[in-house]
Each structure stands twice: as structure tokens, then as C-alpha cells.
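Number of protein chains: 2
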Amino acid sequence: MINLLNKTNLINLLEKFFYPKKVALVGASNNPEKFGYTIMKNLQKAEITIYPISRSDDEILGVKAYKSVLDIPDDIDLAIIIIPAKYIPDLFEDLHKKNIHHAVVLSGGFSEIGEEGEKLENSLKEIAKKYNIRFIGPNCVGIINKTINFNGTFIMDPDKGDISFISQSGALGAASVYWLRERGIGLSKFASIGNSTDIGFSELLKIISEDKHTKVIALYVEGVKDGREFMDAAKYASEKKPLVILKAGKSPEGAKAVSSHTGSLAGSHKIFEAVIKQVGAIEVDNLYDLFNVSLGFAFQNLPKGNKVAIITNAGGAGVLTTDELSKYGLTLATFTQESRKKLDETLIPIASKSNPIDVIASGNKKDYYNATKIALEDKNVDAVIVCCVVPTFMGMTRTEHAEGVYEAIKDSKTEKPVIAVWMAGEIAKPGTEFLEQHRIPTYNDPQTAAKVLGLMYQYAKRK
Amino acid sequence: MINLLNKTNLINLLEKFFYPKKVALVGASNNPEKFGYTIMKNLQKAEITIYPISRSDDEILGVKAYKSVLDIPDDIDLAIIIIPAKYIPDLFEDLHKKNIHHAVVLSGGFSEIGEEGEKLENSLKEIAKKYNIRFIGPNCVGIINKTINFNGTFIMDPDKGDISFISQSGALGAASVYWLRERGIGLSKFASIGNSTDIGFSELLKIISEDKHTKVIALYVEGVKDGREFMDAAKYASEKKPLVILKAGKSPEGAKAVSSHTGSLAGSHKIFEAVIKQVGAIEVDNLYDLFNVSLGFAFQNLPKGNKVAIITNAGGAGVLTTDELSKYGLTLATFTQESRKKLDETLIPIASKSNPIDVIASGNKKDYYNATKIALEDKNVDAVIVCCVVPTFMGMTRTEHAEGVYEAIKDSKTEKPVIAVWMAGEIAKPGTEFLEQHRIPTYNDPQTAAKVLGLMYQYAKRK
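In the order they appear, the protein sequences are chains S and G.
If you use the numbering used here, the first sequence corresponds to residues 17 to 479, in order.
If you use the numbering used here, the second sequence corresponds to residues 17 to 479, in order.
Structure, rendered in C-alpha cells:
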């Protein structure tokens, strides 16, 4: 399978699945309680031509509908399918007749329900192979491409971003997208693979790695059925962009649970560990870190060394950051004499001018600007972590510290990575949003920020 | 110092500081840009008698004000002080004359600003000693007691809860309170210790350990100046209730940063580690876990063994939970034949009835009820983790899974701990709120839930 897929094939699949111009929605519905309604609503947000297919209605949400794909007076790039499982083999015959070669099957009722569904799934596989129909699913949440605002799922849109996320679990994928909306991290592509009867995890990874609008790929992996194939795909993707991976089933009991849940090999975790190591991918421990870490790679350059400057307005945050940095081989930079002099000249006497720099609670926009600029321009500094513990103090606006940091980065003209920590819940939101609008990844705790920079450093060192 | 403080002394200090009936606010103000205004506003929420002291105004926010504490026609339990540092030694003379023996000094301008401030602080210490005035601060955020809605700080109120939080950093303390508001975790007492010139961290810990409304004590510690004193206090408190601790400055570089930041001993971390071990306290790695873990102890009973049942509506969450459990010596329970039979009878055929139980995406209130009840009543099960990955599916309400869990706990009449995982960001909020109203701690990721249960198990085993 792998060797057949050259770059041209991959780019073609990327175009057909993620950048379709003409889409048939088979199972479109006017009933708000049906998935076929929600998917139609989602599809209508993109500037694509939609051909709804409905047995009962002549019009779906204001768009002319057809009884069969065969009736569509146009060529179709992609069919999205949400009709009962039993009708899908016949539908595939129609796809062939209509010369449609790409489909996403969201419908459930296949191997996941037992023996009967498995038979149906096998017949689908055979038909698809015979007619050269490539398909994602069945039993999946579908795919999204925010680059063209194409949402072929029944879930809500994530924000637009640079991270592409492939999930082996539809539910965890959907839960993640909902969390990302709240967190304000955007996605480029999203794909849930479902039963991966035809297009599997590895192939999808290679396809998405060809996407120019994807800066980082985030993977949620439960089990790997074919270790060699996955290794090949991970290597292929990893040469193009950072690959951040959350693997479920690392412990022996967890692996057993994966095995009963997905049917993949229990022993596969060892293969998997080897893959991560060999291809230089980045491993994380939980879903939130999967995206927090991806965001760092998406927004910032890699550090060129291990020397970090920390800026804070409360000592504790500097200490917590320092503690975490050391776990990743990062260390506190020693400022040059020149920087020390500049810090003495610009910060108030009781501010701490060694590393971590503590501008104390009264530190304002100007202090954040000066500290950040001096740190970035110091030749002993490879990266900066800026913390704002409580971004509020008599007479200050809630974004002024953030503005100081942003302007310092702009004026310093260095390419060193800057990671921010804005704490204090709701109060930190305006500053966080300001910083992330300017592509400075911002977290609500020092440890996550240090971890993100730490993993970026380790990745840079390996490359 | 320690031996002088018997239980009666501690309870007296608890009463005077945290349950005052008559409070003088020295430095009260009608100017919304002054701390003395915000503190006054906060104090007015409690049913206590407030005597504002103001040089300029005869009335503060509608309450008759006095020029000096000496003019107050009443006995005072506690003075809250927010006037410039240089006036405070004289004020302490007045406190003595007025027979006021308890104060919280929020004002900055003492040892934290250098030599001159240090002199002032030393003189304050001497005066207080001479007149037997016990005080918290200076240079602190102040104290809160949500049991009587008493907020003697300039920060916003947390919700009311069972966790008391002592912070060695005012800023991190405030940032935490703001995060807790957003997260919906309540506090009982909050105290920031500032420069701890008189009442220090250890003494405050002993005082709060006497509070009947405190179920768990959460500590943020930067440096311990007197290891033996802290050991004594931690032991004293730990015998009464669980003590959850976040220690900053664990790494050598972090310890150095603590040392320059707080002036406490660099070598103290070793003492500290010994204390945690010896008193059976619970150590966590970040501020959010400090409260997530405390919430588990506050809301649930300790597990009596290490066998856990997991219930989920998407396999992946079960696997991620299982992976994390094994780090803490917890393992998956093997259900009895009887439970297996009941699960077969009540759940749909394609649901997974071994552990983790997967009620799949269509699992509704009834399925969550049945699975939770059967798991809780199984004699092989010591604790239950219930996950709801996406609490939304055609026709379901956003709280119905949560209701099923709650009703099962009520009907099962067991005392086994139940921890919940409600994922999917905003969509999970109604269910999360419902569960936490019923004292079921609910997290947004499987790993945190497993960690909380794991630390509860390890604590139970040590006790």
C-alpha cells in the first residue's frame, strides 16, 4: 500500500478530501434532530457547492436536493455519507457509476457492533477496492479543514489555526475540539478515522503532512495495527513538520484496555515507543498538553540553546518555572554586564534584576517592555518565558503587560522564542487573547510553559 | 514559640483572626482607587461590625468613621491595616492603648524594599512583642473566612467550600483565588502570610488546623526558615486533616531562586522532603493540582483498597484513565459474576461490560445509573471513576449522565469514593456543576481524576 502512494497521490487525496469544491451529502436532512441536518448546516459555511441527497425532500436547508448521486448534474470531489449502514454498499455502486472516488462515511453500524456489521464492512471494503473508491470511516465523526472553512462533521467548528489533529477516537476528538474552542487554540485540519476500513491512521498522517497550511501535526493514537506502516508514515510526516503524539495504552493494563477496545495488538506499544524515538516525534502525556505543546511549535521558533530568561511580577512564578525547566535540560541564563546595567537603569530599585527578573506587582507595561527587550537582546539568552501572575494593579489595564511584551518582541527583532504565562483565571483572559493573537503561546501555569519550551528545546537538539 | 501555643491559644487566635465580630479597618477610604476602599467593600459583605478609621472622612461607604482606633466606642477583635508603613509603629502603640491584640498588616514598605524597610519591620516586631500584639503580615494580601463570609483582603471572593489555603506568596495566592472562582472550587479560609514578621507559616498552619469548617489544608510553600518548627506544625495539622502541599524550589536552580526571592535557606528543601514524608502529607506538582487534589479529599471518602472500576462512553478515556492509575498502585477491579450478569441485563449488547465499562456514545442517564450502581455494589470494587467524554447526543440533556451517576451513588448506599471526568469544554459545564453541587469531584481530563484517586489511595495506605 505504502509504496503506491507517492507525493502526487498524497497531494491528490489531500485536495479531494480536505479541499473539495463540490460535495455530495448523502443523507442530508431538514430535521434538526438528525446528523444529516447538522452536517448540512456546517457545510453551508464553506464556499463550496453542496449537492444534498435526500429520499424524502426536494430541498434541504434552501438547497436543491437530489434523490440519488446519479442525478447530480455535476462532477463530485467528495461524498459525505450519513445514511444507515445497510444502504451503503449499494450507494458505493452508485458512486462508481457517477465516477466519485472519494468518500467519508460517518454512519455507524459496522464492525463495531459485532459479526453482522463486520460482514457489511468487509463487503464495503471489497466494493471500494474494486472501484478504486478511497474512503475515511465508517463510524467516524468526519473531517474539517478550517483553511477553507470546510466542516464535514456534526460537531462545532474549532477556531482557525496551524495545528492539524488526527484522532483515532471520534469521541475524544470531538471532546478535544470543544475544549480547543474554549481554550482558543485553532486547528487547520481535523480528522477522526473511525474504523479505518480503507484509509487508515498512517495514510492520513502522510496525506496531512503534505498540507502547506499545517505547521504541526497532533496525533491521538490508541493502537497501531501495522507498526512498520506507521513508522514509515511517522518518518515521512516528521521530516516535514513537528509531530506531537499522545499515546493511550502505555501501561500494561492500559494496553489490555486498548486491545479489548480497538482490537489492535497488545504488544504494539513497544513498536510505538521505538517509532517516536526514531522519527524524532514529541510525546506528551495528556490531551491538553497535546495541544498546548503543539501551539508552542506552531507559534514560535525553536530555541537555539538551553539558556532561558524568566520575567515575572511575583517571585513564586519564577521559581515554579525554574523548577520545571531543569527537567528538560534548560537552565537559567546569566545576563551580560550590559544587560544588568540596562536592567538597573530601567527597573525600580527593589525589582530583582538577576534571572528570574522580578518586576514586582507594580511592574507595568514599560517594565514588561524593558525587561523583555533586554532579555531578548542578551547574547546569553536563547529563549524567554514571561509570567504575569496577577495582571491587575491600581490603574493598570488588563492587557498592558501583554502589550509591553509584544512591543518588545517587535522592537528587539530577534527570532528567539517567547512563551507567556498569564495566571489568575478570568482576569488573565484579555492579556492571553492579546498575546495569542500575536502568536505568543500563553498558558495559565508556569509548569506548562516550561514544559512546552522544554520539549521544543529537546526537539531542536535532536534535529 | 511552639510550646507556648497550646490548643486553647490556637483556637483563640483562630477566633480572633478568622471569626472576628468587631473589626477596625485602619486606612478605610471612599476612593475606589485605594485598597482601603476595596477592603471596606469586601468587609461589608459579612455580618460583622466594622469601624473604619480615616484621617480625612467622617463616613466611609455609609459607615461612621473615626480618626483613631482610640475613638472607637467598642472592643475590637481584629484590626486590618492598610496605611503607609511609616505610620504603623505609632498605630501599634494605639492598638496597645485600645487593648487590641490582633492585627493583619497588608501595607507594603518593609523588609521587602531593603534596609530602611527592614529597620521599620524590626521595630514593629519589637513593639508587638512588648505589647503582646499578634499580627499577620506585613506586605500581604490578607485573610478570608468564607464560613462567615469575611473577606479582609482587596481581592475578589472565592466560592464557599471546605478547603483552607495558606499561601506564602500573596500574588500566587490571589491568582489562585481567581482561578478557583472560574473553576468553581470553593475555599473555607484563605491566608497570605506576607513577610511573616510575627505569625509565620507554621503557626498559621496550626491555627487553621483547629478550624472545624476546614476539611483539607492546601499549602503553597516557597521556603521554610525553621525546619523543626514547620515539621512540628505539619505533624500537628496532618493528624487532624489531609495536608496537600505544593513546594516551589525543588530543583537546585529553583532553590537558588527561592533563596534570592525569600531569603530562606537554600538547603531547606531536604528538610522539607523529610517533613512531607514523615507527616504523611500529600505532595503535588502545580497550583492546579493543589486544588484539584484537595477537592478530592474534601468531597469523597478514602478508598479502602486499590481496585477501581472505570465507566466511560468512549473507550479512549477508559484507556487514558487506566494508564494513569497504574502510576499510583491502583488497578482495574475484576467484576463478580453477579455484576457481569447485571451489566449484561441492563446495558445494550455492544456496550463493553468488562472493566472499563464502555456504555458507548449512546449511553444515557439510565446506562450511567446502572453501570455506576453495579460497580459501586460490587464487592471487588474499592472506587469508581466515571467518564463522560462528550455529554451530548441526539435528544439528551447535558446533565442527564451526571444525574444518573448521582442517583446511583444515592441508591447504592456505599461509601466508596467516586471521581468524575466530564470532558468537552463548555459542553461539560452543566454536568460538572451538577456533580460538584453533589460533592462529586469532577475534572476535565482522565489523568487528573486518576491522579486524585491515586493520591487519596496512597494517603489512605499510609494512615
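Where a beta carbon is used, it is the ideal one built from N, C-alpha and C, also for glycine.
query: Between S:His454, S:Pro268, S:Pro36, S:Leu196, which lies nearest to S:Val309 when the distance is taken from Cα to Cα?
result: When only C-alpha atoms are compared, the closest one is S:Leu196.
query: Is S:Lys176 helix, strand or coil by DSSP?
result: strand
field: Residues near S:Ala101 in its chain [Cβ-Cβ closer than 8 angstroms; skip 5 each side]
entry: Ser123, Gly124, Gly125, Phe126, Gly133, Leu136, Pro154
- prompt: Can a CB atom of chain S be found closer than 8 angstroms to the CB of G:Ala465?
  reply: Chain S contact via Cβ: absent.
- prompt: Using a C-beta to C-beta distance shorter than 9 angstroms, which residues of chain S count as neighbours of G:Asn302?
  reply: Leu336, Glu340, Asp461, Pro462, Gln463, Thr464
- prompt: Would G:Lys266 be called buried (16 or more neighbouring beta carbons within 10 Å of its own) or exposed?
  reply: With 16 or more neighbouring CB atoms inside 10 Å of its own CB, G:Lys266 falls in the buried class.
field: Residue closest to G:Lys4, alpha-carbon to alpha-carbon, out of G:Lys467, G:Pro319, G:Ser254, G:Lys429
entry: Given a span of 17 to 479 for chain G in the structure shown, any question on residue 4 of chain G remains unanswerable.
- prompt: By Cβ distance, which residues of its chain are closer than 6 angstroms to S:Leu311, with the 5 residues on each side in sequence left out?
  reply: Ile201, Pro457
- request: Pick helix, strand or coil for S:Ser192, following the three-state DSSP scheme.
  value: helix
message: Along the segment 438-458 of chain S, where does the CB come closer than 7 angstroms to a CB of chain G? Name the residues.
response: Met439, Ala440, Gly441, Glu442, Ile443
- request: Rounded to whole angstroms, what's the CA-CA distance from S:Lys57 to S:Leu77? Just pull it up for me.
  value: Taking C-alpha positions only, S:Lys57 is separated from S:Leu77 by approximately 8 angstroms.
Alpha-carbon to alpha-carbon, S:Ala330 and G:Ile287: Approximately 25 angstroms between the Cα atoms of the pair.
field: Own chain residues within Cβ distance below 7 angstroms of G:Tyr35, not counting five before or after
entry: Only Asn161, Ile164 meet the Cβ criterion.
query: Does the beta carbon of G:Ala282 sit closer than 8 angstroms to a beta carbon anywhere in chain S?
result: Confidence at G:Ala282 is low in this model, with a pLDDT of 47, below 50, so its placement is unreliable and the value that follows should be read with caution. So, not an interface residue.
- request: Pull up the distance between the alpha-carbon of S:Asn371 and that of S:Ala391, whole angstroms please.
  value: 9 angstroms
query: Which word fits G:Ile364, buried or exposed, when buried means at least 16 other C-beta atoms lie within 10 angstroms of its C-beta?
result: exposed
message: Starting from S:Pro462, trace the alpha helix (DSSP H) in both directions and tell me its first and last residue.
response: 462-478
query: Quick one: is S:Arg197 near chain G, going by C-beta distance under 8 angstroms?
result: Yes - at least one Cβ of chain G is within 8 angstroms of the one on S:Arg197.
message: Looking at G:Lys381: is its Cβ nearer than 8 angstroms to the Cβ of G:Glu416?
response: Yes.
field: Host alpha helix (DSSP H) of G:Arg455 (start-end)
entry: Neither: G:Arg455 is in no alpha helix (DSSP H) and is coded neither H nor E.
task: Can you tell me the Cβ-Cβ gap for S:Gly411 and S:Asp374, rounded? I've got them flagged as a contact below 8 angstroms.
output: Actually they are not in contact, since the Cβ atoms of S:Gly411 and S:Asp374 sit about 20 angstroms apart, beyond 8 angstroms.
query: In whole angstroms, what is the alpha-carbon distance linking S:Glu31 and G:Ile327?
result: 40 angstroms
query: Should S:Tyr299 be flagged as near chain G, meaning a C-beta pair shorter than 8 angstroms?
result: For the record, residue 299 of chain S in the displayed sequence is Glu; it is not Tyr. Judged by the 8 angstroms Cβ criterion, S:Glu299 is not in contact with chain G.
Nearest-angstrom Cα separation, counted from S:Gly177 out to S:Leu111: 33 angstroms
query: What did DSSP end up calling G:Leu140 once you bin it into helix, strand or coil?
result: helix
query: Hey, quick one: how far does the beta strand (DSSP E) through S:Lys263 stretch, first residue to last?
result: 259-263
Exposure label - S:Ala264; buried when at least 16 CB within 10 Å: buried
Contacting residues, own chain, Cβ-Cβ under 7 angstroms from G:Pro462 (five flanking each side not counted): Correct list, in chain order: Ala333, Leu336, Thr337, Glu340, Cys403, Val437.
- request: Output yes or no for whether 8 angstroms exceeds the beta carbon distance between S:Gln474 and S:Gly345.
  value: Going by C-beta atoms, S:Gln474 is nearer than 8 angstroms to S:Gly345.
message: For G:Leu29, tell me which candidate among G:Ser275, G:Leu220, G:Leu469 has the shortest Cα-Cα distance.
response: The candidate whose alpha carbon is nearest that of G:Leu29 is G:Leu220.
query: Which same chain residues, not among the five before or five after G:Leu235, have their C-beta less than 6 angstroms away from its C-beta?
result: Around G:Leu235: Ile182, Ile261.
task: Could you tell me whether any Cβ in chain S is nearer than 8 angstroms to the Cβ of G:Pro258?
output: no
Where the segment 117-130 of chain G meets chain S: residues whose CB sits under 8 angstroms from a CB there: Glu128, Ile129, Gly130
task: State the DSSP-derived secondary structure class of G:Arg150, mapped to helix, strand or coil.
output: strand
- prompt: Who are the neighbours of S:Thr347 on chain G, taking C-beta pairs under 9 angstroms?
  reply: Glu269
query: Looking only at C-alpha atoms, which of S:Glu226, S:Asp173, S:Asn148 sits nearest to S:Phe206?
result: The option with the nearest alpha carbon to S:Phe206 is S:Asp173.
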